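These notes concern the structure reproduced below.
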Amino acid sequence: MNISFPGKKVIVTGAAHGFGRAIALAFAARGAEVWGCDILADELAETAGLATSAGGWCQVRPVDVRAKEAVFAFVAEVMSDDRPVDILVNNAGGVLGQVGRPLEEISQSDWDDLFAVNSRAPFYFAQAVAPGMKAARSGRIINISSGAG
Numbered sequence: 002m003n004i005s006f007p008g009k010k011v012i013v014t015g016a017a018h019g020f021g022r023a024i025a026l027a028f029a030a031r032g033a034e035v036w037g038c039d040i041l042a043d044e045l046a047e048t049a050g051l052a053t054s055a056g057g058w059c060q061v062r063p064v065d066v067r068a069k070e071a072v073f074a075f076v077a078e079v080m081s082d083d084r085p086v087d088i089l090v091n092n093a094g095g096v097l098g099q100v101g102r103p104l105e106e107i108s109q110s111d112w113d114d115l116f117a118v119n120s121r122a123p124f125y126f127a128q129a130v131a132p133g134m135k136a137a138r139s140g141r142i143i144n145i146s147s148g149a150g
């Protein structure tokens, strides 16, 4: 099966490593215009370098997905050419160091960060891309989670 995405605009959150990097590289290799974001700027730049050295198109920006304003600013930049996002992959997330810690030892601050990355961020991204997708009567939002995060 030959699946390609020429002319499709894709946002991948958590694109600095792991699944996010693999997803960004796969979309770029199949002709998509990939926009990756993460808080890990050096690793994010490496993702972009890998994509472009393989002939793909990938722009990256460091974005703290916990901050609604940062998410909306990033999406506005992605859509500055007046083309909507075709595919949003909400991949950013994780356990932020809570694995193996007793529940009673997790601070309110740690819980707030965990909830912000895993629950609020996908909501913010969906809010930001939805108007363009609705206007185009097209678009896909993919939310990724795991048993650990």
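Mapping the sequence shown onto the numbering used here, position 34 (from 1) lands on 35, and the numbers just tick up by one. By construction, the Cβ of each residue, glycine as well, lies at the ideal position given by its N, Cα and C atoms. From a predicted model like this one, the values you see are computed outputs, not experimental measurements.
Alpha-carbon to alpha-carbon, residue j and residue i
i           : j           : result
residue 122 : residue 83  : 23 Å
residue 85  : residue 139 : 9 Å
residue 64  : residue 71  : 6 Å
residue 106 : residue 96  : 14 Å
residue 81  : residue 30  : 23 Å
residue 147 : residue 20  : 11 Å
residue 128 : residue 104 : 31 Å
residue 92  : residue 66  : 11 Å
residue 60  : residue 77  : 14 Å
residue 111 : residue 15  : 19 Å
Close Cβ partners of residue i (< 6 Å) along its chain, the five nearest in sequence each way excluded
i          : result
residue 90 : 13, 24, 143
residue 11 : 28, 33, 35, 88
residue 1  : What the structure shows of the chain is the stretch from 2 to 150, and residue 1 is not part of that stretch, so it cannot be assessed.
residue 57 : 29, 30
Buried or exposed (CB count within 10 angstroms, at least 16 for buried), residue i
i           : result
residue 135 : exposed
residue 100 : exposed
residue 22  : buried
residue 55  : exposed
residue 126 : buried
Where the alpha helix (DSSP H) containing residue i begins and where it ends
i           : result
residue 32  : Careful: residue 32 lies outside any alpha helix (DSSP H) and carries neither H nor E.
residue 79  : 69-79
residue 135 : 122-137
For residue i, the first and last residue of its enclosing beta strand (DSSP E)
i          : result
residue 89 : 88-91
residue 63 : 58-63
7 Å CB neighbourhood of residue i in its chain, flanking five on each side removed
i           : result
residue 17  : 39, 41, 44, 45, 48
residue 137 : 85
residue 4   : 31
Which residues DSSP lists as bridging residue i, in chain order
i          : result
residue 48 : Residue 48 pairs with nothing; no bridge assigned.
residue 39 : 63
residue 4  : Its beta-bridge partners do not exist; DSSP assigns none.
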